[in-house]
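The numbers in the working numbering rise by one with no breaks, and the one at position 96 of the sequence shown is 85.
The beta carbon of each residue, even a glycine, is placed where N, CA and C say it ideally should be.
Treat the numbers as computed from the prediction; the structure is a model and nothing was measured.
Okay, so here's the structure we're looking at.
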Amino acid sequence: MEEIGKKFSELLEELRQDRQISKKDLATRAGLTPGYVSHLTRGERSTPSLETVEALADALRLDAETKVHFYEVAGQPSPQVLHNSSGLSYFRLEDGESKAGYSKDDWGEAPNVQGFYGRAENLKQLEHWIVDERCQMVAILGMGGVGKTMFAAKMAEQLHGTFEYIFWRSLQNTPRIESILRESIQFFSEQQRKELPRDLDGQIALLLTLMRRHRCLMVLDNVESLLQGSLRAGQYKEGYEGYGKLFYVLGDAKHRSCVLLTSREKPKEISRLEGKTLPVRSMQLPGISEIEGRAFLEDKGLFGSDMSWTNLIRVYSGNLLALKLVSESIHEVFGGDVAAFLERDEIIFGDIRELLRQQFQRLSELEQTIMYWLAIERDAVSLEDLQKDLLLPTAEEEMLLAIGSLRRRSMIETGNNARYTLQAVIMEHLTDDIIDKSREEIRTEKFHVLWHNALMKAQTKDYLRNSQISLIVKPLLKALLDDYSKKGCEKKFKAILSSLREAHAEEDNYVAGNLLNLLVHLDADLRYYNFSHLVVRQAYLQGVNLPDVNFAGADLEKSVFTDTFGSILSAALSRDGKLLAIGTANGEVRLLEAVTGRSLRIYEGHFDCVRSVAFNSDSTLLASGSDDQTVRLWETATERCVRVLEGHESWIWAVSFSPDGKMLASGSDNQNIYLWDVNSGRPLKMFAGHEGKVYTVSFSPDGKMLASGSEDQTIRLWMVTTGECLETLVGHTGWIWSLAFSPDGILLVTGSEDQTIRLWQVATGQSIKTLTGHTGWVRSVSFSPDGKQLASGSEDQTIRLWEVNSGQCLKIIEEHSSRVKSVVFSPDSQTLFSSSEDQTVRLWEVSTGRCIQVLQGYSNRVRAVTFNPEGTILASGSEDQTVHMWEFNSGRSLRTLSGHTSWIRSVAFNPEGTLLASGSEDQTIRLWEVNTGYLVRTLIGHTHRVRSVAFNPEGTLLASGSEDQTIRLWEVNSGQCIGTLTGHNSRVWSVAFSPDGNLIVSGGDDQTVRFWEVGTGRCIDILREHESRIYSVDFSPDGTLVASGSGDHTARLWEVGTGRCVSVLQGHTSWVYAVAFSPDGLLLASGSDDETVRLWEISTGRCVGILTGHKSWIYAVAFNLDGSLASGSDDGTIKIWNVKQQTCIATFRGERPYERMNILNAKGLSEIRRSVLITLGAVEEAEL
């Protein structure tokens, strides 16, 4: 093999130099990295793969004979040389050929081709290019309305069976290239490529590899949407230049597939690459012929002489849309007589837009408004939805008449289920018209379009709102910035708002909402803006900070705000699909209207994480299981807790109602399953047998069987009536996190820590399929109600959809930014709900995998606090994914460090105070420069949440503890991991260095305190006296003692040399999350779930003080150099304490999203929504 590699490298270098191609250019053409090509040419790599050889051969443009030799020297099978009709050679490898007559397809937004007219010769020519001549890229060009989309769809339909894969996407709503690449790569690889290259070049190279391996047809419709149009011909809009690179690579590099483009304008890459005998071609699609046009119009009831037909079709250049538009006028005004129309109307047809302007002017005001709304909606909508958009109530009969008129004029199209939309060219024309008129209306302050129409909708599907922002809001802002500058825009908008308030206070219109959305996307500082007494429709304010904004007396009914729910640990959907319940990390249970996301109830009673929720069969009761060791039953019609079920002695991970709603099962950390009588709350049975924590339980559809999954890597099937274990299913190699029965009860699906999903036959207990692809723990699995699909949610932040019968992965959904905890299907199997620790609930279209709706929560619970060595700066980490730095003396916020994508669990300064380390649940550690806030580096290596970070006394090393059960040692200067300490058999919660830097102490979920030698990485002592997990450890300043805080409600003091427990500090009534020694070593502070900080005298073990004032759990404590103490809490505050006087001397709180936002007498807010806004900082204050 070495000899082959040497010969290949010599030949490759010889061919490269002969063709005078640089290594960098060769790498670019072949879709490889320059470094890899350099290694190949120097013989420093083993024999390349078949795909690499093929890529290099194509990049070098080898002739047939040289190509065969090139493959032979590489030790790869010679390709079969074929010749197309143009004399070009192409190579078909023996494997991977498409199966005759069968194509897998993803039609995206392709239209139905029923009613397609003529164009037989054009279709024949195009098919010849694609099938016979094996063209790699063809652009179908033509003016708007000529029928390019329908023509391409007809061609693709005819080619079904010729290609292995057919992939169609419309570019009308300008999707980002990353989205198109991700979706096409996943489709062509049959969802096997979850991890994509981070850079665009790498993604394009991967797509090219797939298009070489398989015969794929990729259709990209409406390419002109990406181009700047009249500004610069062939130039791409800002942010869309990557498409040009994609088109060039797929047109230039050899592959076995075909890319079919439709566009009103020829992309410059086509011009550069096309040729009569080259694999890139373009077809200028003409209008339909006279015969075809006559047949089409006669079907619409028009008549005329041969001459009149000829003249009509020539005048409109055979443009199908133009002929459709004028046909109704001919029918209405001239009784269908073509000759009469031609005699009386002066007809000049040069551009479809001019015809559209003429037709639009003939519409009634209602019809024009409907047309504008259809352009804004950007998707097919129902009559009911259109009526909701209109300001004034419009009778259904009047709406139907207007819709009928527009249909007859061919101005709108009807989709499935009586939904209406616009053809692409009409939508684009009206979008431009909306932008132009809005710009003018803002200049003159005379409103019509902005009064009657929303530029974007807060209450619409997420992906459609993104299109509205991209295609309407941002282009309008660009034009306004040309007119006024950013400062000028803000001044203009403030003047308009003031005028509106004076002349049109509380009058229904869209102007204020439009201006607010424009300000948000202008990235304006909204502080002190005044929207009082205005109707603010369709403002999308999730994730937007609105401090000091005045909404007093405003109507906010149709606007969307951030919610208060934090990290979402569990979710359940009612059987009828109307109610959605979520359980959160802050102990809250929330009841939502499933379709709208509107909060209906907030259930408060749990005082710790709610890990499971479930509805009974008629949705009258909701059960919740919590880390507080209780199950609660809630009435869905009220906020009343009807029963508290107690008996578990540890965290409760799972609850499940029996199908008849009479029993409830719960599984917990104590390895047992309880079966409860719902009416009485009495425990009926306890199922024992698992040898680890029980994470999931579910009843079979007939209620006779209960399935449970455990930390012991097994699934058990229990007979409900007897409690007998019927079967133990073995096969997973990790904890079982989730399980579900199929609707017919025949199958059981399980999701595991081993990153797999298994399907089991219930009757036999046999594993019949193992589904692989996830790269993190599988936390949730769910069958669709029709039993055809599975959904899985994982710690790799993705959702996967699977076909049950084949086990094939159908889609990968990647928009969550943290662990996916729950997935559940709607009753009709068309929608999927997911919840995540990224503080969102998302709704997805199952058919497309597109996000319909995002419900955004917010939580600023403080998880970590620490002081710099000088005591002048306090750093804190919280659940809002940021690190805050505070000036200690004033409490002033110095800066906020953003970049983590999940909770911050730990922060630590280096001994010099120049660096700050932050450890996060996103599995990374970040090092920040304290003076500037600059991110120095990101340390990547842990495979699970990072719980703790600590610098050694010299500042040269950093230790980190993680839920992956390891402690890692990092070299600070280089960021390299220089050691991994293993021994804990569960999560590592806390690490600390000894004052001399020779030891590390760690505490973990396995209830042990462990000591490690830094020099050797050896574990030298294990302390086991705690009776629950250990949350925190700290060395005393002299290094003789270690303190530990535990879930057993105690803190302990240990002698370092002997491991002897010298004191058990008892007094807390709940878990002890944090411990810290005072600088003089005389006191220990402990923070607890019981909302108190306790001060302990080290010499006696006596509690000498209890600090109260926090309103929730205390996660972190830290002493300052001067002996003062900081505590960080679940209530979102940091309190500073004078330890001697035992008084709170200051409270720091990060600014909440709606700090001091005035909502006095604001309309359209439910009591729950008002309460949520107040929790997020809003106030109700009388205006001055």
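Selected residue, minimal CA-CA separation from residue i, among the options
i, options, result
"Asp1120", "Thr945, Val851, Glu943 and Glu876", "Val851"
"Val525", "Ala513, Phe550, Arg516 and Gly532", "Phe550"
"Leu622", "Ser655, Glu638 and Ile801", "Ser655"
"Cys598", "Ile571, Leu832 and Phe349", "Ile571"
"Phe1137", "Lys1129, Arg600 and Ser1116", "Ser1116"
"Arg1091", "Leu1110, Gln1055, Gly1098 and Asp1111", "Gln1055"
"Glu98", "Gly325, Thr410, Arg171 and Glu3", "Thr410"
"Gly566", "Gln531, His1015, Ser608 and Glu172", "Ser608"
"Arg1174", "Thr1029, Asp994, Thr829 and Gly754", "Nothing can be reported for residue 1174: it is not among the residues displayed for the chain, which extend from -10 to 1173."
"Val370", "Trp96, Thr449, His244 and Ser727", "Thr449"
"Asn878", "Thr890, Thr885, Ser867 and Ile862", "Ile862"
Strand pairing of residue i, partner residues [DSSP]
i, result
"Gly614", "Ser601 and Val620"
"Gly231", "Answer is none; Gly231 lacks a bridge partner."
"Ser1077", "Val1061"
"Trp1001", "Ile989 and Cys1008"
"Ser697", "Val686 and Arg705"
"Pro672", "Trp665"
"Val767", "Ser783"
"Phe292", "Asp326"
"Arg884", "Met874"
"Tyr225", "Leu216"
"Asn519", "Asn539"
"Arg957", "Ser949 and Thr969"
"Lys467", "Paired residue(s): none; Lys467 is not in a bridge."
Residues of its chain near residue i, where Cβ-Cβ distance is below 6 Å and the 5 sequence neighbours each way are ignored
i, result
"Leu904", "Leu916"
"Gly542", "Ser521, His522 and Asn1150"
"Ala939", "Ala897, Ala948, Val980, Ala981 and Phe982"
"His679", "Gln660, Ser699 and Asp701"
"Ser1075", "Gly1034, Ala1040, Val1061, Val1064 and Arg1083"
"Met708", "Leu715"
"Glu624", "Val631"
"Ala1105", "Ala853, Val854, Ala1063 and Gly1117"
"Ala89", "The predicted model places Ala89 with a pLDDT of 41, which falls under 50 and marks its position as unreliable, so this point remains unresolved."
"Gln175", "Ile801"
"His418", "Arg342 and Leu345"
Integer-rounded CB distance, given that residue j should sit under 8 Å from residue i
i, j, result
"Ser1101", "Ser1077", "Between Ser1077 and Ser1101 the Cβ distance is about 11 Å, and since that is not below 8 Å, they are no contact."
"Leu453", "Arg367", "5 Å"
"Leu736", "Val719", "Incorrect: roughly 17 Å between the Cβ atoms, too far for contact."
"Ser252", "Ala128", "6 Å"
"Asn519", "Val462", "Rounded, the Cβ-Cβ distance is 22 Å, inconsistent with contact."
"Ser278", "Gly131", "Their Cβ separation, rounded to whole angstroms, is 14 Å, which puts Ser278 and Gly131 out of contact at 8 Å."
Sequence-distant residues of the same chain with beta carbon closer than 7 Å to residue i, five excluded per side
i, result
"His441", "Thr358, Leu380 and Tyr499"
"Phe772", "Ala729, Ser731, Pro732, Val738 and Leu779"
"Ile458", "Met445 and His510"
"Leu1165", "Thr551, Thr553, Tyr847, Arg1141, Pro1142 and Tyr1143"
"Glu43", "Arg201"
"Asp1111", "Gly860"
"Glu281", "Tyr106 and Gly107"
"Ser(-2)", "Leu29, Thr30, Arg31 and Gly32"
Close-in-space but distant-in-sequence residues of the same chain around residue i (CB under 8 Å, 5 per side omitted)
i, result
"Leu1162", "Phe550, Tyr1143, Met1146, Ile1148 and Leu1154"
"Ile1134", "Ser1113, Ile1125, Trp1126 and Asn1127"
"Gly233", "Tyr225, Pro256, Lys257 and Glu258"
"Asp374", "Glu366"
"Leu4", "Leu49, Leu51, Thr55 and Phe59"
Minimum Cβ-Cβ distance from residue i to chain D less than 9 Å
i, result
"Pro1068", "Here chain D cannot be found, since the structure has a single protein chain."
- Task: Within the stretch 244 to 317, note down every full beta strand (DSSP E) run reaching 3 residues or more, in order along the chain.
- Result: 247 to 252 and 269 to 273
- Hey, which unbroken runs of the alpha helix (DSSP H) at 4 residues or more fall wholly within the stretch 816 to 847? none
- Query: Where are the beta strand (DSSP E) runs, 3 residues long or more, that stay fully inside the stretch 111 to 156, in chain order?
  - Reply: 126 to 130
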